[in-house]
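Just add 1 to the spot in the sequence shown (first one is 1) and you have the numbering used here.
The structure appears below as structure tokens.
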Amino acid sequence: IEVILDVVFNHTDEGNELGPTHSFRGIDNRTFYLLDPNHPATYLNYSGVGNTFNANHPLPQKFIVDCLRYWVEEMHVDGFRFDEGSILARGEDGTPLVHPPVIWQIELDDTLADTKVIAEAWDAAGLYQVGHFPGDRWAEWNGRYRDDVRRFVKGDAGLTGAIASRLGGSADIYQMRGQTPANSINFITVHDGFTLNDLVSYNTKHNEANGEGNRDGIGENLSWNCGVEGPGDDPAIQALRTRQIKNFLTILLLSRGVPMLLGGDEVRRTQRGNNNAYNQDNVTSWFDWSMVDSHREMLRFVQRMIAFRKAHPALWQPFFYSGAINERGLPDITWHGTSLNSPGFDDPQARTLACTIAGFGGAADLHVMMNMFWEPLDFEVPAHSEWQIAIDTFAGSPHDIADPDGHEPMVRQHTTVTGRSIVVLRAKIRR
């Protein structure tokens, strides 16, 4: 197990110019903080929490790198995720730099050479650098992945081309820079924002308990409550929420790139609609271990999905799909809609996408069918193989995901995919 440390070098807890003085403000305010050049008694607030660390001044830069070296040399961590990493790209006047010294110092430092470095490639002031964060070896939280998949699963139309790109490792974002799917950290939810359970249970944030009049936290969550706000006892709504969670997890673990799962999502942890629970040291933010039992079927699904991904190397190759033909005459991936070879990338009303993924390293071919329309649809199935159902997000446990050596129903020519569901077929390998 590797340890990736979440580090915050974009601001301190001293707040704005009216905040307390107990660290850098008292040492050298002008050196360690970005100040408004027209009103140097006030701070430039690119972090959203009152102040901005002056990361590219030589002294704060040395402080940052020395901290990272300590964590590697003394504590033996394996990498770092940089909160609001784009602030590290801002100069001393707040302007984004083409070659920020602190980022390149981290990139080139001998002590840090074998660590993983991951950027949250945006900040609170609108500097959005997904796909063009400075440096060569940095991975990025792929915010476009999150947003496209959230829109697609909740039923927005016209996203098939974007979803194809996200499944393939986001070549449209990273390939032109000579990067690979490994630069894309794919995610649906993180510690900021809704949990996965809340993403399918709330249309709006409910942060009243934070004491800021529900003004804090992200307003645009791209969520859908499936018919009622918050907890409910309608069996149909609960079944739909379960299916939507499985849809998100299935897409995440079928995508090339590095999947990141928020701890607790595997057992439907909830924050009761609070999407900014940083100051809630109570049941809102605590992990309720009883959910491991109460949601053991979801836990099983996640465990089996991870195993499914590991068992099919085509899903995690370190390069983008290219249409390359394998030794059996099959492209590495072929895109479809409900009809074969007709993905509908230009259809503004499309809510479906299918693909055939050629097996790699002796693993079986896969055929993926995603129906985010609300009615069942009939999908054509390639004729070159005999297919077994491996995953069906509409089915209840344990039929939602098959055992690796299970004898699942065979599918030929056509299959019906229930509304708001995903079905994955696995080709029968002839020995």
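We put the CB at the ideal spot given by N, CA and C, even for glycine.
This one's a predicted model, so the numbers in the text were calculated from it and none came from an experiment.
Would you call the segment 347 to 356 and the segment 392 to 402 in contact, with 3 or more CB pairs under 8 Å?
no
Residue from Gly132, Gly144 and Leu69 whose Cα sits closest to the Cα of Asp115:
Leu69
Please confirm whether Ile423 and Met306 have their CB atoms less than 8 Å apart.
no
Are Asp137 and Glu93 closer than 8 Å when you measure CB to CB?
no
Would Val66 pass as a contact of Met373 if the rule is Cβ separation under 8 Å?
Not in contact: Val66 and Met373 (Cβ atoms no closer than 8 Å).
Mapping DSSP to helix, strand and coil, what is Tyr44?
Strand.
Per DSSP, Pro332 forms a beta bridge with which residues?
Ile326
Can you give me the Cβ contacts of Leu378 inside the same chain, cut-off strictly under 8 Å, excluding the 5 residues immediately before and after it?
Thr339, Thr353, Asn372, Thr417, Val418 and Gly420
Beta-carbon gap between Ile119 and Ile5 smaller than 8 Å:
In contact: Ile119 and Ile5 (Cβ atoms closer than 8 Å).
Spatially closest choice to Trp388 from His400, Gln414 and Asp404, by CA coordinates
Gln414
Grab the span of the alpha helix (DSSP H) containing Trp388 for me, first residue to last.
Here Trp388 belongs to no alpha helix (DSSP H); instead the beta strand (DSSP E) covers Trp388 to Asp393.
Sequence-distant residues of the same chain with beta carbon closer than 7 Å to Gly296, five excluded per side:
Checking the sequence shown, residue 296 turns out to be His, not Gly. Excluding positions up to five away in sequence, the list reads Val268 and Arg269.
What's the gap between the Cα of Pro102 and the Cα of Trp375?
The C-alpha of Trp375 is placed about 51 Å away from the C-alpha of Pro102.
Return helix, strand or coil for Lys117, following the three-state DSSP convention.
strand
CA-CA distance, Arg167 and Asp294?
33 Å
Taking 8 Å as the threshold, find out whether the segment 268 to 282 comes into contact with the segment 196 to 214 through three or more Cβ pairs.
yes
Anticipated Cβ contact below 8 Å, Leu263 with His313, distance rounded
At roughly 23 Å, the Cβ-Cβ gap does not stay under 8 Å, so Leu263 and His313 are not in contact.
Taking the C-alpha atoms as reference points, what is the distance between Glu15 and Phe54?
11 Å
Nearest to Glu3 (by Cα), restricted to the options Ala42, His77, Ala359 and Ile334:
His77
Express the C-alpha separation of Asn57 and Gly51 in angstroms, rounding to a whole number.
CA-to-CA, the gap between Gly51 and Asn57 works out to about 19 Å.
7 Å Cβ shell around Ile430 - same chain, five flanking residues per side excluded:
Ala365
When the Cα of Phe10 is compared with those of Gln281, Ile186, Glu121 and Ala42, which residue comes out closest?
Check the Cα spacing between Phe10 and each of Gln281, Ile186, Glu121 and Ala42: the tightest is with Glu121.
Nearest CA to the CA of Glu442: which residue from Pro232, Phe320, Arg301 and Gly363?
Missing from the structure shown is residue 442; the chain here goes from 2 to 432 and no further.
Distance, Thr271 Cα to Thr285 Cα
Taking the straight line from one Cα to the other gives about 7 Å.
So for Ala240, helix, strand or coil by DSSP?
helix
Would you mind working out which of Asp289, Leu113, Pro59 and Asn39 sits nearest Glu75, comparing C-alpha positions?
Of the candidates Asp289, Leu113, Pro59 and Asn39, the residue whose Cα lies closest to the Cα of Glu75 is Leu113.
Would you kindly report the start and end of the unbroken beta strand (DSSP E) that includes Val154?
No beta strand (DSSP E) holds Val154; the alpha helix (DSSP H) holding it covers Gly144 to Lys155.
Going by DSSP, what residues sit across from Met370 in a beta bridge?
Bridge pairing for Met370: Ala355 and Val424 [DSSP].
Got a sec, what are the start and stop residues for the alpha helix (DSSP H) Leu197 sits in?
Leu197 to Leu200
Is the beta carbon of Cys227 sitting closer than 8 Å to the one on Arg242?
yes
Using a Cβ-Cβ cut-off of 7 Å (strictly less than) and excluding sequence neighbours within five positions of Pro383, which residues of its own chain qualify?
Excluding positions up to five away in sequence, the list reads Leu341, Thr357 and His368.
Could you check the C-alpha separation between Asp199 and Leu160 for me, to the nearest Å?
Their backbone Cα atoms lie some 23 Å apart in a straight line.
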